[in-house]
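Enquirer: In our numbering, the protein residues as written are 7 to 101.
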Ligand SMILES: [Zn+2]
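1. If we count the other Cβ atoms within 10 Å of its Cβ and call it buried at 16 or more, is residue 71 buried or exposed?
2. In this structure, does DSSP put residue 34 in helix, strand or coil?
3. To the nearest angstrom, report how far apart residue 56 and residue 47 are at their CA atoms.
4. Pull up the distance between the alpha-carbon of residue 61 and that of residue 37, whole angstroms please.
5. How is the alpha helix (DSSP H) around residue 55 delimited, first residue to last?
Right, dumping it as structure tokens:
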């Protein structure tokens with residue numbers, strides 16, 4: 007495999023795992039495909055901050071939002087981080 011393929015493989019794997027992970031969660035994300043930032047979630051964090059990793063995760067799974075490499079570790083497995091995901095970074099992909 008070329009280096010590019012490895013990256014792709016990793017990204018697909020990550021996406022799949024993220025999806026499987028979120029599928030098992032009870033939080034209900036309603037995805038707005040037109041603008042993922044309008045999506046809603048039932049979890050406590052969303053109720054408070056109007057954004058949560060579920061929404062970002064679902065958006066990423068649906069390729070509405072590309073997770074920056076630097077954010078991956080924050081999205082997966084890190085709890086209690088203060089502040090929002092960088093909402094201003096608009097790496098939107100029109101599906
Ligand atoms: Zn949520």
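For each residue, glycine too, the CB sits at the ideal point set by N, CA and C.
Expert: Concretely, from the data shown:
1. Per the 10 Å Cβ criterion, buried.
2. Here residue 34 sits in coil by DSSP.
3. Cα to Cα, residue 56 sits roughly 8 Å from residue 47.
4. C-alpha separation (whole angstroms): 7 Å.
5. Taken as a continuous stretch (DSSP letters only), the alpha helix (DSSP H) holding residue 55 covers 50-55.
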